[in-house]
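**Student:** Questions regarding the structure given below will be posed in turn.
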């Protein structure tokens, strides 16, 4: 790597790291402000104490809180991946630094991904737009799991394409680790995002099975310990490997599928399409914060 490229990589790491830390300090006061992120940090502190859960207080009715299970065991409803990242910050005495670090690393990976799939110029522009994205900056300044999911899946995508291009088994291992970590953070997100990669993998296997079968097998095997660890965590906390904390806390109606609804009316196809459109509009507005469309380019 030449000196100018090294300087650019350092710049795209340091700049978002400084920006997100400033926002974390002066906007969010280095504390979580949303029930979701409070629950994530709560679980991180439990992990830092060397436990999977705490025992509920005898007067547990006085310790109920949104998104936290309190049924004899006291722990967060969320998967363990993101709290494990936050645990590192808790042990260091500064949990607020983890998301800014993950956000800054993600920008570097986005640059490398653009460079890997297209060229260096595309990678540089991708990194610039990432730094200019209010969505990326603000989510990397708080305690939510979006930053760790972005980091781990971007890691998977980078090494997935390196595996295809260079056909090295260790890149397949790193891709599997990235995807496996993402499953432990936001499993539905990981499954949704991996679909196009899965389709492309099937296409490559049909065309050149001898060339890609072992590589994709290594990728899957590398992801399996994280999936099995996630299932074992569910068993130890929720009593069932396939039971997520969401359904333990809110019941079987809190899950994917039509006809279910924890709050308000049951979910329908029409409501799903409306929510999808609202999400696209929100992403279009907040991705880059422009007065014009962010998604058209």
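In the numbering used here, the protein residues as written are 22 to 318. Idealized CB from N, CA, C, for every residue including glycine.
Indicate the three-state DSSP secondary structure (helix, strand or coil) for residue 232 in the structure shown.
**Tutor:** Mapped onto the chain shown, residue 232 falls at position 211. Helix at residue 232.
**Student:** For residue 75, which residues does DSSP report across the bridge?
**Tutor:** Position 54 of the chain shown, counting from 1, holds the residue named residue 75. Paired residues: 95.
**Student:** In chain order, what residues of the same chain lie with their CB nearer than 6 Å to the CB of residue 280, ignoring the 5 residues before and after it?
**Tutor:** Walking along the chain shown from the start, residue 280 turns up at place 259. Result list for residue 280: 287, in chain order.
**Student:** The alpha helix (DSSP H) spanning residue 292 covers which residue range?
**Tutor:** Here residue 292 refers to the residue found at position 271 when the chain shown is read from its first residue. First-last of the alpha helix (DSSP H) with residue 292: 290–307.
**Student:** What does the alpha-carbon distance come out to for the pair residue 155 and residue 98?
**Tutor:** Taking the chain shown and counting its residues from 1, one reaches residue 155 at position 134. Taking the chain shown and counting its residues from 1, one reaches residue 98 at position 77. Distance between the alpha carbons of residue 155 and residue 98: 28 Å.
**Student:** Would you check if the distance between the CB atom of residue 205 and the CB atom of residue 105 is smaller than 9 Å?
**Tutor:** Counting from 1 along the chain shown, the entry for residue 205 is found at position 184. Counting from 1 along the chain shown, the entry for residue 105 is found at position 84. Contact: yes.
**Student:** Quick one: grab the DSSP three-state call for residue 89.
**Tutor:** The residue given as residue 89 occupies position 68 in the chain shown. Correct three-state label for residue 89: strand.
**Student:** Applying the criterion that 16 or more other CB atoms from any shown protein chain within 10 Å of the CB defines a buried residue, is residue 25 buried or exposed?
**Tutor:** Along the chain shown, read from residue 1 onward, the residue named residue 25 stands at position 4. It is exposed - the Cβ of residue 25 has fewer than 16 other Cβ atoms within 10 Å.
**Student:** Do you know offhand how far residue 29's Cα is from residue 100's?
**Tutor:** Counting from 1 along the chain shown, the entry for residue 29 is found at position 8. Counting from 1 along the chain shown, the entry for residue 100 is found at position 79. Cα to Cα, residue 29 sits roughly 35 Å from residue 100.
**Student:** Could you tell me which uninterrupted alpha helix (DSSP H) segments, each at least 4 residues in length, are contained entirely in the segment 94–166, listed from first to last along the chain?
**Tutor:** 102–113, 119–138, 141–152, 155–160
**Student:** Check this for me: beta carbons of residue 166 and residue 61, under 9 Å apart or not?
**Tutor:** On the chain shown, position 145 is the one that residue 166 refers to. On the chain shown, position 40 is the one that residue 61 refers to. It is a contact, given that the beta carbons lie within the stated cut-off.
**Student:** So what does DSSP say about residue 274, is it helix, strand or coil?
**Tutor:** As a first step, residue 274 is located in the chain shown; it is residue number 253 there, counting from the start. Under the three-state reduction of DSSP output, residue 274 falls in the coil class, being neither helix nor strand.
**Student:** Taking residue 65 as the reference, which of 220, 130, 117 has the closest Cα?
**Tutor:** Residue numbering aside, residue 65 sits at position 44 when the chain shown is read from its first letter. For residue 65, the nearest C-alpha among the options comes from 117.
**Student:** In angstroms with no decimal places, state the Cα-to-Cα distance between residue 238 and residue 245.
**Tutor:** For the purposes of this step, residue 238 is taken as residue 217 along the chain shown, with counting starting at 1. For the purposes of this step, residue 245 is taken as residue 224 along the chain shown, with counting starting at 1. Their Cα atoms are separated by approximately 11 Å.
**Student:** Is the segment 215–226 touching the segment 45–63 in the sense that three or more CB pairs, one from each, lie closer than 8 Å?
**Tutor:** no
**Student:** Give the straight-line distance between the Cα atoms of residue 46 and residue 39, rounded to the nearest whole angstrom.
**Tutor:** What you label residue 46 is simply residue 25 of the chain shown in a count that begins at 1. What you label residue 39 is simply residue 18 of the chain shown in a count that begins at 1. Rounded to whole angstroms, residue 46 to residue 39 spans 11 Å at the Cα level.
**Student:** Who are the near neighbours of residue 305 in its chain, counting only those whose CB is closer than 7 Å to its CB and skipping five residues on each side?
**Tutor:** Taking the chain shown and counting its residues from 1, the one referred to as residue 305 is at position 284. So the qualifying residues of the chain are 314, 315, 316.
**Student:** Specify the secondary structure class of residue 52 as computed by DSSP and reduced to three states.
**Tutor:** Within the chain shown, numbered from 1, the residue matching residue 52 stands at position 31. Assignment of residue 52 by DSSP, reduced to helix, strand and coil, places it in the coil class.
**Student:** Quick check on the DSSP output: the alpha helix (DSSP H) that includes residue 34 runs from which residue to which?
**Tutor:** Counted from its first residue, the chain shown places residue 34 at position 13. Unbroken alpha helix (DSSP H) run through residue 34: 24–47.
**Student:** Cα separation between residue 367 and residue 297?
**Tutor:** Because the chain here runs from 22 to 318, residue 367 falls outside it and cannot be looked at.
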